[in-house]
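Asker: Converting from the sequence shown to UniProt numbering requires adding 4 to each position, the first position being numbered 1.
Where is the CB? At the ideal position from N, CA and C, for every residue including glycine.
Quick caveat, the model's predicted, so the values are computed rather than measured.
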Amino acid sequence: ASLPASAPAEPGSPRDSDLVRAARRQPVSRTPVWFMRQAGRSLPEYRAVREGIPMLESCMRPELITEITLQPVRRHGVDAAIFFSDIVVPLKAIGIDLDIVPGVGPVVARPIRRAKDLEQLVDLTPEHVPYITEAVQQLVSELGATPLIGFAGAPFTLASYLVEGGPSKNHEHTKALMHGDPDLWDALCARLAQISGAFLRVQAGAGASAVQLFDSWVGALSRADYTRHVQRHSASALAAVADLEVPRIHFGVGTGELLRLMGEAGAEVVGVDYRVGLTDAVERLGPDYAVQGNLDPALLFAPWDALERRVREIVEEGRHAPGHIFNLGHGVLPSVDPDVLTRVTALVHEVSAR
Ligand code: CP3
5 ASLPASAPAE
15 PGSPRDSDLV
25 RAARRQPVSR
35 TPVWFMRQAG
45 RSLPEYRAVR
55 EGIPMLESCM
65 RPELITEITL
75 QPVRRHGVDA
85 AIFFSDIVVP
95 LKAIGIDLDI
105 VPGVGPVVAR
115 PIRRAKDLEQ
125 LVDLTPEHVP
135 YITEAVQQLV
145 SELGATPLIG
155 FAGAPFTLAS
165 YLVEGGPSKN
175 HEHTKALMHG
185 DPDLWDALCA
195 RLAQISGAFL
205 RVQAGAGASA
215 VQLFDSWVGA
225 LSRADYTRHV
235 QRHSASALAA
245 VADLEVPRIH
255 FGVGTGELLR
265 LMGEAGAEVV
275 GVDYRVGLTD
285 AVERLGPDYA
295 VQGNLDPALL
305 FAPWDALERR
315 VREIVEEGRH
325 APGHIFNLGH
335 GVLPSVDPDV
345 LTRVTALVHE
355 VSAR
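(1) Expressed to the nearest angstrom, what Euclidean distance is found between the alpha-carbon atoms of residue 361 and A269?
(2) Would you say the beta carbon of L129 is closer than 7 Å to some non-hydrogen atom of the ligand CP3?
(3) Rounded to the nearest angstrom, what separates P48 and A191 at their Cα positions?
(4) Tell me the rounded alpha-carbon separation between N331 and I98.
(5) My parser needs the beta strand (DSSP E) runs of 3 or more residues fully inside the region 101 to 155; what are they?
(6) Is Q42 near the ligand CP3, with its Cβ less than 7 Å from a heavy atom?
(7) Please list the terminal residues of the continuous beta strand (DSSP E) segment that includes I253.
(8) Per DSSP, what kind of secondary structure is I86 in: helix, strand or coil?
(9) Within 10 angstroms of the Cβ of R25, are there 16 or more other Cβ atoms? Answer buried if so, exposed if not.
(10) Report whether the distance from the Cβ of G335 to the nearest heavy atom of the ligand CP3 is below 7 Å.
(11) Which residues mark the beginning and the end of the alpha helix (DSSP H) in which Q75 is found?
(12) Any heavy atom of the ligand CP3 closer than 7 Å to the Cβ of P171?
(13) Based on the DSSP output, what are the partners of F330 in its beta bridges?
(14) Look at the Cβ atom of P159, then the Cβ atom of S89, and state whether they are nearer than 8 Å.
(15) By how many angstroms is the C-alpha of P342 removed from the C-alpha of Q124?
(16) Quick one: what's got a C-beta closer than 8 Å to P31's C-beta in the same chain, skipping five residues either side?
(17) From S356, V352, V344, pick the residue whose C-alpha is nearest to that of R79; which is it?
(18) For G201, name the three-state secondary structure that DSSP assigns.
(19) Can you find the residues in the same chain that come closer than 8 Å, C-beta to C-beta, to I253, ignoring five residues on each side of it along the sequence?
(20) Check the DSSP bridge columns for V215 and list the partner residues they point to.
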């Protein structure tokens, strides 16, 4: 997708950063790098500030959000901050009874299976999430030239948590609903697209320089089902920020077959997991999309020689992409040694310097 034509970015502003430039397929000084789940349990300073504070509560306190979001930027020297929150925060904000259970993930008290269950899903407005606006504004002022990435969960991935009632391997209730009652499925996803799009819009409106739509579990679908039942809803979430001139990154796990469709939903950047090489991903996507990825997070546990070789290969593959943002193929695992992330960041910068 192409962003609206706009005034040139102010030199030294986040809009002139390598991350935003790579997303717009413009020349960069070196390959920008950040890590999904960089803010979180791999950092001792994160565990220290979170001590005794439940996950969802920490997502509603601006000063804590700001501190946790800044921690990996300070420590690793990454090229972007990812806003500290969770994909279920906007659902909690509109009153859905759910919690994030440590070691499990989001758990929903009353799963959505019938038409009357949809009543719980009201439209999200900025008034539901004043702490998000406040935290983004504070972060943007503290980050200076470093861009902040806002994010939201995509309708399919949010629907999976709501319909299953929690994390799921097979998404059986979700798929049963999608195929058994496509009208109800559509109504559910339309509501989730509004919530997801409005959550992105609050963050971009408050100053985030890019956004990422996480459709983490959509790799469970075929191309046919994605096209028929999901793509237009993700497109509507992404369209909610189309006029704000922020690059949109669209990511899912196991989505090799869906990459092109995910780009066509309205993204400038398509996230690639580690199962598809970047060169293959670029071939599938064509020249109109930048790519983000795709180091296997498990490789952060390999001996440095092996890890270094793989990082260099990914940077090299990325040089032939229309634009490349270095990242993992999925989130940082909690038990990783954070020093390895710092070293990978420096290596990407060193080998990609133009
Ligand atoms: O650093 C960052 O990337 C920013 C923060 C962030 C979190 N969740 C914080 C978090 C982001 C971007 C997310 C998105 C998210 N949440 C996704 C999409 C990304 C992905 O991994 O595919 C998904 C699927 C969720 C739902 C969710 N929330 C899961 C599966 C879990 C892990 C459960 C567990 O404990 O193993 C969470 C909890 C969560 N979200 C934590 C953090 C830091 C751990 C909570 C803690 O520290 O106690």
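Answerer: The structure says:
(1) For residue 361 there is no data in the structure shown, the boundaries of the chain being 5 and 358.
(2) For the record, residue 129 in the displayed sequence is Thr; it is not Leu. For the ligand CP3, not one heavy atom lies less than 7 Å from the Cβ of T129.
(3) 42 Å
(4) 32 Å
(5) 102 to 105, 109 to 112
(6) yes
(7) 252 to 255
(8) strand
(9) buried
(10) yes
(11) 66 to 80
(12) yes
(13) V37, G297
(14) no
(15) 40 Å
(16) R25, R358
(17) V344
(18) helix
(19) A27, I153, A214, V215, Q216, L217, A271, E272, V273, V274, G275, Q296, I329
(20) G154, R252
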